[in-house]
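All remarks here apply to the structure that follows.
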Amino acid sequence: AQTVTQSQPEMSVQEAETVTLSCTYDTSESDYYLFWYKQPPSRQMILVIRQEAYKQQNATENRFSVNFQKAAKSFSLKISDSQLGDAAMYFCAYRGYNTDKLIFGTGTRLQVFP
Amino acid sequence: DAGVTQSPTHLIKTRGQQVTLRCSPKSGHDTVSWYQQALGQGPQFIFQYYEEEERQRGNFPDRFSGHQFPNYSSELNVNALLLGDSALYLCASRALLSGTHYEQYFGPGTRLTVT
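Chains as they are written, first to last, in our numbering: chain A, 358 to 471; chain B, 2 to 116.
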């Protein structure tokens with residue numbers, strides 16, 4: 358069975374600085390997708406970034422980028438130029454190639470200080 | 002363009018009762034998945050509906066059942082409520098873009114409290 362582990366329950370960063378959130382996963386599949394979702398206090402789960410396992414190039418979306426290490430089964434999220442609006446719970450998630458089922462980690466609460 | 006909507010926003014039920022939660026998918030989406038998010042945890046997959054049938058199911062007991070209507074909206078039913086069923090219930094919808102490349106959109110959730 359696939360598992361997703363987020364070992365940082367809480368992280369904090371100063372506004373305009375950079376922070377990295379960690380995620381490791383376990384799977385025996387070769388093709389899959391990895392995601393980072395943001396869940397603000399409004400509770401709505403928002404997709405931040407997606408990585409296809411077959412792509413070697415790390416995904417980037419504006420200030421958000423990932424470091425995908427397939428062999429190490431590691432998938433970290435880097436947030437550059439942090440903004441107050443980035444404060445939220447961040448969840449790492451895994452999806453197999455032929456399924457809709459998302460498997461989530463336990464989340465990391467990110468605080469951003471002015 | 003309306004996103005995924007869920008109703009009600011909050012509700013409180015008593016142990017042993019039954020509850021129905023509702024989800025309207027994003028316009029153009031035909032597949033709905035339900036997740037349970039306990040406090041301090043990540044969401045857990047309950048099941049998925051497509052073409053009015055349950056296509057995939059997570060590790061949840063039969064007390065959890067669902068339905069999808071011809072307009073693609075969906076209901077989640079939970080019977081014989083337990084205190085442990087207290088959670089945020091999230092609905093996600095998606096449309097197939099190409100192959101297996103698609104994005105799922107989540108609703109704001111329904112907060113269920115069982116007393």
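Backbone N, C-alpha and C fix where the C-beta goes; we use that ideal spot for every residue, glycine too. Owing to the predicted nature of the structure, the values given are computational and were not obtained by experimental measurement.
Contacting residues, own chain, Cβ-Cβ under 7 Å from residue i (five flanking each side not counted)
| i | result |
| --- | --- |
| A/Y389 | A410, Y451, R452, G453 and Y454 |
| B/N60 | none |
Rounded separation between residue i and residue j - CA only
| i | j | result |
| --- | --- | --- |
| B/S94 | B/S8 | 15 Å |
| B/D31 | B/Q49 | 11 Å |
| A/V370 | A/F392 | 21 Å |
| A/E374 | A/I436 | 8 Å |
| B/A81 | B/A88 | 15 Å |
| B/Q18 | B/Q69 | 22 Å |
| B/F107 | A/G462 | 17 Å |
| A/F470 | A/M368 | 11 Å |
Residue interval of the beta strand (DSSP E) (run including residue i)
| i | result |
| --- | --- |
| B/A93 | A88 to R95 |
| A/K395 | Y389 to Q396 |
| A/E367 | E367 to Q371 |
| B/L40 | It is not in any beta strand (DSSP E) - B/L40 carries neither H nor E in the DSSP assignment. |
| A/L467 | T465 to F470 |
For residue i, the nearest candidate out of the options (CA to CA)
| i | options | result |
| --- | --- | --- |
| A/T417 | A/L404, A/G464 and A/T456 | A/L404 |
| A/V361 | A/Q468, A/Q414, A/Y447 and A/V370 | A/Y447 |
| A/G464 | A/R407, A/Q440, A/E372 and A/T381 | A/T381 |
| B/V115 | B/A96, B/V79 and B/G29 | B/V79 |
| A/V376 | A/A444, A/L459, A/S399 and A/F425 | A/A444 |
| A/R420 | A/G442, A/A428 and A/A429 | A/G442 |
| B/G85 | B/Y103, B/L97, B/R112 and B/T6 | B/R112 |
Close Cβ partners of residue i (< 6 Å) along its chain, the five nearest in sequence each way excluded
| i | result |
| --- | --- |
| A/T384 | Q359 |
| A/L459 | A450 and R452 |
| A/F425 | Q408, N415 and F432 |
Taking contact to mean 3 or more Cβ pairs, one atom from each stretch, closer than 8 Å, check whether the segment 68 to 88 of chain B and the segment 40 to 58 of chain B are in contact. The answer is yes - the segment 40 to 58 of chain B touches the segment 68 to 88 of chain B, with three or more Cβ pairs under 8 Å.
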